[in-house]
Amino acid sequence: MNARNIKNGVMLLGVQDWSRRLFDSLIPLPDGTSYNSYLIPGSEKTALIDTVEPELVETFLSQLQNVPKIDYIVSLHAEQDHSGSIPIILKKYPEAKLICSPKAKPLLMDHLGVLESKIKVVEDGEVLSLGDRSLRFIHTPWVHWPETMSAYLAEEKMLFSCDFMGSHLASTTMFAGKNPAVLEAAKRYYAEIMMPFRQMIKGNMEKVRKLEIEIIAPSHGPLWDFPEIIMSAYEDWISDTVGNKVVIPFISMHGSTAKMVDFLTSELADRKVEVHLFDLAVTDIGKLAMELVDAATVVIGTPTVHVGPHPNVAYAATLANAIKPKLKYAAVIGSYGWATKAVEHITGMIPALKVEVLGAVLCKGDPKPETYEQLRDLAELIATKHSQ
Ligand code: FEO
């Protein structure tokens, strides 16, 4: 796509990556993504915020064809989807200085081989004048690396937030408007990479709340022209409040665990508890992460494979432990053939989840009447805990 004017000559550059389906060789991107870059001309200096994935740099370079001079290349985040083309851009504009946070400096030198002499670090709150415009840098760590920062263009009331409040979504539409699909993509993105840093993001939100913002311009996905939508959504996601909701990631090899999951789901639904099932044989792991954002309880359903949980369940448990949702309660259900240590194995995989374990319901072979009785008790306990 061509460069586009956002407002008063502030340009949106970058590329839409319609084909990408995995990020970090891990995170599913069902709708692709974009790498947004911003060109901000001032009366004296011109700044470029972030770059693009280096494999797509040709499109980016074509957008810069008629830009004779760049004084500052601002790296808000050293991860390569934004910084990877910096060496190429520095080569095109050898007079440019690279602006970054103190923690980003060694990352840019180590990962990209940028010379120290090219880098100027900026402190939290520092202002860089472009003449009639200026950029104020706000350190916003852990969205999603420790070095990340945002930049505020006061004259246009624009916040450049990089990953923070972004969405993995390729789109020809520049602004998110009130499109719920963009908010869903932003929630998925938050769930997959931001959620472990929920407590730190609270501090970042407090900082940006002090700014007068008309447009939030992230480095992935459409721009937020109704910024309250994404800011209040983030405040909800990072809050300590959970919903009356149970997420059940499960797998079943011969149907016994599936029968238990179905029964528990019905019992929970009868008690007005919202339930989301994810069959790990076929599920989109990103969607599972998204539902964990505000769930109160996770119930892991697994058959036993060689004494432990099914490998897909082990993977989901490890992932849940890494993304640290604000769950309050957990339980394990499932069947086994002759012996099991599945509960012990799963418990050992989720030390980062600060949950109250509500128990386990395991059965040998097919579920028996007493199994269903135990599942009914578990549903009652979950509903009672949620009502508290
Ligand atoms: Fe979009 Fe953390 O990189």
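Residue 0 is where the sequence shown starts when you use numbering that gives the first Met the number 0, and the numbers rise one by one after that. Ideal Cβ placement from N, Cα and C applies to all residues, glycine included.
Subject >> Proximal residues to K384 (C-beta, below 6 Å), its chain only, five neighbours per side dropped >> reply: Y328
Original post:
Residue ranges of each alpha helix (DSSP H) run of no fewer than 4 residues wholly in the stretch 18 to 50, ordered along the chain?
Top reply: none
Original post:
For the 8 Å Cβ check, are there 3 or more pairs between the stretch 200 to 207 and the stretch 58 to 69?
Top reply: no
Original post:
For W223, which beta-bridge partners are listed by DSSP?
Top reply: I215
Subject >> Nearest candidate by alpha-carbon position, reference L210, set S74, Y151, M164 >> reply: Y151
Original post:
Counting Cβ pairs, one atom from each stretch, are 3 or more of them under 8 Å apart for the stretch 170 to 179 and the stretch 214 to 234?
Top reply: yes
**OP:** Could you check which residue in K271, S133, G285 has the C-alpha nearest to that of L158?
**Re:** S133
Original post:
Does the pairing of the stretch 241 to 249 with the stretch 272 to 279 give three or more beta-carbon distances under 8 Å?
Top reply: yes
Original post:
Using a threshold of 7 Å, is the CB atom of D80 nearer than that to any non-hydrogen atom of the ligand FEO?
Top reply: yes
Subject >> Whole-angstrom C-beta distance between Q62 and N1, which should lie under 8 Å >> reply: 7 Å
Subject >> beta-carbon W141 near the ligand FEO non-hydrogen atom, thresh 7 Å >> reply: no
Original post:
Going along the chain, which unbroken runs of the alpha helix (DSSP H) with 4 or more residues stay wholly within the stretch 78 to 147?
Top reply: 79 to 82, 85 to 91, 103 to 111
Original post:
Less than 7 Å between the CB of H76 and some heavy atom of the ligand FEO, yes or no?
Top reply: yes
Subject >> the stretch 180 to 194 contacting the stretch 100 to 120, beta-carbon criterion three pairs below 8 Å >> reply: no
Original post:
Terminal residues of the continuous beta strand (DSSP E) containing H385?
Top reply: Unbroken run through H385 is the alpha helix (DSSP H), 368 to 386; no beta strand (DSSP E).
**OP:** Evaluate the contact criterion for the stretch 322 to 336 versus the stretch 348 to 362: three or more CB pairs, one atom per stretch, below 8 Å.
**Re:** yes
Subject >> Any 3 or more C-beta pairs closer than 8 Å across the stretch 21 to 32 and the stretch 274 to 293 >> reply: yes
Subject >> Where the alpha helix (DSSP H) through M348 begins and ends >> reply: 341 to 348
Subject >> Inter-residue CB distance, L326 and A378 (contact presumed, cutoff 8 Å) >> reply: Their Cβ separation, rounded to whole angstroms, is 17 Å, which puts L326 and A378 out of contact at 8 Å.
**OP:** Tell me whether the beta-carbon of Y34 lies closer than 8 Å to the beta-carbon of V51.
**Re:** yes
**OP:** Kindly list the residues whose CB is nearer than 8 Å to the CB of T370, restricted to its own chain and excluding five residues on each side of it in sequence; keep chain order.
**Re:** M259, V360, C362
Subject >> Length at least 3, wholly inside the stretch 203 to 287: the beta strand (DSSP E) runs in chain order >> reply: 214 to 217, 242 to 249, 273 to 278
**OP:** Compute every distance between the C-beta of D162 and the non-hydrogen atoms of the ligand FEO, then say whether any falls below 7 Å.
**Re:** yes
Original post:
What is the C-beta distance between I299 and D278, in whole angstroms, given that I count them as a contact (C-beta under 8 Å)?
Top reply: Not quite, the Cβ-Cβ distance comes to about 13 Å (not below 8 Å), so this is no contact.
Original post:
So the alpha helix (DSSP H) K186 belongs to, where does it begin and stop?
Top reply: 179 to 188
**OP:** Could you check what DSSP says for P308 in three-state terms: helix, strand or coil?
**Re:** strand
Original post:
Which partner residues of A295 appear in the DSSP bridge assignment?
Top reply: Beta-bridge pairing links A295 to no other residue.
Subject >> Three-way DSSP call (helix, strand, coil) for L75 in this model >> reply: coil
Subject >> Inter-residue spacing [alpha-carbon to alpha-carbon] between S231 and G41 >> reply: 32 Å
**OP:** On a CA-only basis, which of Y37, D70, T58 is nearest K44? Give me that one, please.
**Re:** D70
**OP:** Note the first and the last residue of the continuous beta strand (DSSP E) segment covering L11.
**Re:** 9 to 16
Subject >> 8 Å CB neighbourhood of K323 in its chain, flanking five on each side removed >> reply: M194, P195, R197, A351, L352
Original post:
With 16 as the cutoff for other CB atoms within 10 Å, does L47 come out buried or exposed?
Top reply: buried
Subject >> Per-residue DSSP class, three states only, for V66 >> reply: coil
Original post:
How big is the Cα-Cα spacing for F163 and H309?
Top reply: 35 Å
Subject >> Buried versus exposed call for H219 [16 or more other C-beta atoms within 10 Å across all chains shown] >> reply: buried
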